[in-house]
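Novice: Numbering-wise (this note's numbering), the sequence shown opens with residue -2 and increments by one.
Virtual Cβ for every residue (Gly too), placed ideally from N, Cα, C.
Below you'll find the structure I mean.
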Amino acid sequence: MRALVWDAPRVMTLREQEQPAPAPKEVLIHVAFAGICGSELGAFLGHNALRVPPLVMGHEFAGTVAALGAEAVACNPALRTGLPVTVNPLSSCDACPACLRGDGHLCPKRRLIGAHRPGAYAEYVCVPAESVLPLPPGLTPREGALAEPVAVAVRIGALAGPLAGEPAFIAGAGPIGLLALQVLRLLGAGPIFVSDLEPTRLAMAEELGGHPIDARHNDPAQVVRDATGGLGATASVDAVGAAPTRAACIAATRSAGTLILSGLHEEVGPIPAAEVIRRELVLRGSFAYSPADFRHAVALLARSAVRLDPWVVEAALAEGGPWFERLAHAPGGVAKVLLVP
Ligand SMILES: [Zn+2]
Ligand SMILES: [Zn+2]
């Protein structure tokens, strides 16, 4: 089979590899679409300790079941060959306190497909049978491949607190910012301000119902405060994770409001702590998604409640390397690239 192998920082090679065979509790998936994620862009550039080359990345994907391990159906009775599916790429131990309260994504033994084991930038990928979710009727594999980033946004919405009728602010109109915008709207938040440096991405946010703020020419926090009678947003979401966006979110959030830290552009950086203290802000990390968040994301996609179209681009696996370079520098009017193995 063909696989796109990340060999070293900024080196992606299309290579013939042996097709993997599923272990007893695994399933072989024929990949239809596999999205490129911001975390993988960071790895591609060499900024990510989680992923070690050589590696087949790819954790946002959908396809069809091609083969079943001997115990796969016992693990997940819904499975049969030919079934269109998506996959929750995070697996956990199912036994620790985090897993037992439904937070498998916080399990100390969690593993990610495309990081700890080969991922979906290939014609075929083996995955744990219990991680496979059948696509509901009407949900295509193309949309199903978005379940993972949608689940990240679902988690952000779940942690942001009650937002009906409340103003919100999102720093960053990349895929997670655009999906969080839609999830916060579904939760009743409004108005929702979205800042970015890229006019094409601000146009996407505006089309999805956000109030765009061009951070090249405006102070986003000032715009949010001016529009909210000086109070600020009830909740802010940092979907970038750089020092300026963290600071902007702190300044844009009203006293006793909540700031969700999601983006991880910089792992370590300064934050204006005195303002967090003096205005009793709640800083909350949001990481990935629980298994329930992932199922909720599939349901949202099935009822067309969230979208990244018309800004989704399909590209052949061989074009993956050039797309990684382009996304890392000048993505332009593209919200998500789906590789088609
Ligand atoms: Zn992702
Ligand atoms: Zn666990």
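Ligand 1 and residue 272: does the residue's C-beta get closer than 6 angstroms to at least one heavy atom of that ligand?
Specialist: For the purposes of this step, residue 272 is taken as residue 275 along the sequence shown, with counting starting at 1. Because no heavy atom of ligand 1 lies under 6 angstroms away, the Cβ of residue 272 does not count as near it: no.
Novice: Is residue 287 near ligand 2, going by C-beta to nearest heavy atom under 6 angstroms?
Specialist: Position 290 of the sequence shown, counted from the first residue, corresponds to residue 287. Not so, every heavy atom of ligand 2 lies at least 6 angstroms from the Cβ.
Novice: Under a Cβ-count criterion, where at least 16 other Cβ atoms within 10 Å of its own Cβ denotes burial, should residue 179 be classed as buried or exposed?
Specialist: Mapped onto the sequence shown, residue 179 falls at position 182. Counting Cβ neighbours within 10 Å, residue 179 comes out buried, since at least 16 surround it.
Novice: May I have the straight-line CA-CA distance separating residue 132 from residue 272, to the nearest angstrom?
Specialist: As a position in the sequence shown, residue 132 is number 135, starting the count at 1. As a position in the sequence shown, residue 272 is number 275, starting the count at 1. Computed Cα separation, rounded: 45 angstroms.
Novice: Taking 7 angstroms as the limit between beta carbons, can you name the residues of its chain near residue 158, skipping five residues before and five after?
Specialist: Within the sequence shown, numbered from 1, the residue matching residue 158 stands at position 161. For residue 158, where only same-chain residues beyond five positions count, the Cβ hits under 7 angstroms are 232, 255.
Novice: Using a Cβ-based criterion (distance less than 6 angstroms to any ligand heavy atom), does residue 88 qualify as near ligand 2?
Specialist: Within the sequence shown, residue 88 is the residue found at index 91, counting from 1. For ligand 2, not one heavy atom lies less than 6 angstroms from the Cβ of residue 88.
Novice: Give the list of continuous beta strand (DSSP E) stretches no shorter than 3 residues that lie fully inside the region 189 to 228.
Specialist: Here the runs fully enclosed are 189 to 193, 208 to 211.
Novice: Write down the C-beta distance between residue 188 and residue 30 rounded to the nearest angstrom, noting that I regard them as a contact closer than 8 angstroms.
Specialist: Locating residue 188 in the sequence shown gives position 191, counting from the first residue. Locating residue 30 in the sequence shown gives position 33, counting from the first residue. Not confirmed; about 33 angstroms, so no contact.
Novice: Span of the alpha helix (DSSP H) holding residue 290?
Specialist: Against the sequence shown, residue 290 aligns to sequence position 293. 288 to 299 is the extent of the alpha helix (DSSP H) around residue 290.
Novice: Quick one: grab the DSSP three-state call for residue 41.
Specialist: On the sequence shown, position 44 is the one that residue 41 refers to. Correct three-state label for residue 41: helix.
Novice: Quick check on residue 81: does DSSP put it in helix, strand or coil?
Specialist: If you number the sequence shown from 1, residue 81 lands on position 84. Three-state DSSP puts residue 81 in a strand.
Novice: Residue 163: which of 50, 221, 282, 85 sits nearest, CA to CA?
Specialist: Position 166 of the sequence shown holds residue 163. It is 221.
Novice: Give me the pocket residues for ligand 1, defined as CB within less than 6 angstroms of any heavy atom, sorted by chain position.
Specialist: Chain-ordered list of matching residues: 34, 36, 56, 57, 145, 146.
Novice: According to the neighbour-count rule (16 or more other Cβ atoms, all chains shown, within 10 Å of its Cβ), is residue 51 buried or exposed?
Specialist: Position 54 of the sequence shown, counting from 1, holds the residue named residue 51. Burial call: exposed.
Novice: In chain order, which alpha helix (DSSP H) runs of at least 4 residues are fully inside the region 251 to 285?
Specialist: Counting whole runs of 4 or more residues, the region 251 to 285 contains the alpha helix (DSSP H) stretches 270 to 275.
Novice: Using only the alpha-carbon positions, how far apart do residue 97 and residue 206 sit?
Specialist: If you number the sequence shown from 1, residue 97 lands on position 100. If you number the sequence shown from 1, residue 206 lands on position 209. Rounded to the nearest angstrom, the two C-alpha atoms are 37 angstroms apart.
Novice: For residue 318, which residues from the same chain have a beta carbon less than 7 angstroms from its beta carbon, with the 5 sequence-adjacent residues on both sides left out?
Specialist: On the sequence shown, position 321 is the one that residue 318 refers to. Here the set comprises 9.
Novice: Are the beta-carbon atoms of residue 333 and residue 172 separated by less than 7 angstroms?
Specialist: Here the question's residue 333 lines up with position 336 in the sequence shown. Here the question's residue 172 lines up with position 175 in the sequence shown. Cβ distance < 7 angstroms, so residue 333 and residue 172 count as in contact.
Novice: Tell me, please, which residues DSSP counts as bridged to residue 333.
Specialist: Numbered from its first residue, the sequence shown carries residue 333 at position 336. Answer is 309, bridged to residue 333.
Novice: If we call anything under 7 angstroms between Cβ atoms a contact, is residue 257 one with residue 181?
Specialist: In the sequence shown, counting from the first residue as 1, residue 257 sits at position 260. In the sequence shown, counting from the first residue as 1, residue 181 sits at position 184. Not a contact, by the Cβ cut-off of 7 angstroms.
Novice: Check this for me: beta carbons of residue 116 and residue 53, under 7 angstroms apart or not?
Specialist: Within the sequence shown, the letter at position 119 stands for residue 116. Within the sequence shown, the letter at position 56 stands for residue 53. Their beta carbons are under 7 angstroms apart, which means residue 116 touches residue 53 by this criterion.
Novice: If you measure from the beta carbon of residue 58 to each beta carbon in chain D, is any gap under 7 angstroms?
Specialist: Here there is only one protein chain, and chain D is not present.
Novice: Put residue 142 into one of helix, strand or coil per three-state DSSP.
Specialist: What you label residue 142 is simply residue 145 of the sequence shown in a count that begins at 1. In this structure, residue 142 counts as coil in the three-state DSSP scheme.
Novice: Have a look at residue 236 and residue 39 and give me their C-alpha separation to the nearest angstrom.
Specialist: Residue 236 sits at position 239 when you count from the first residue of the sequence shown. Residue 39 sits at position 42 when you count from the first residue of the sequence shown. Cα to Cα, residue 236 sits roughly 14 angstroms from residue 39.
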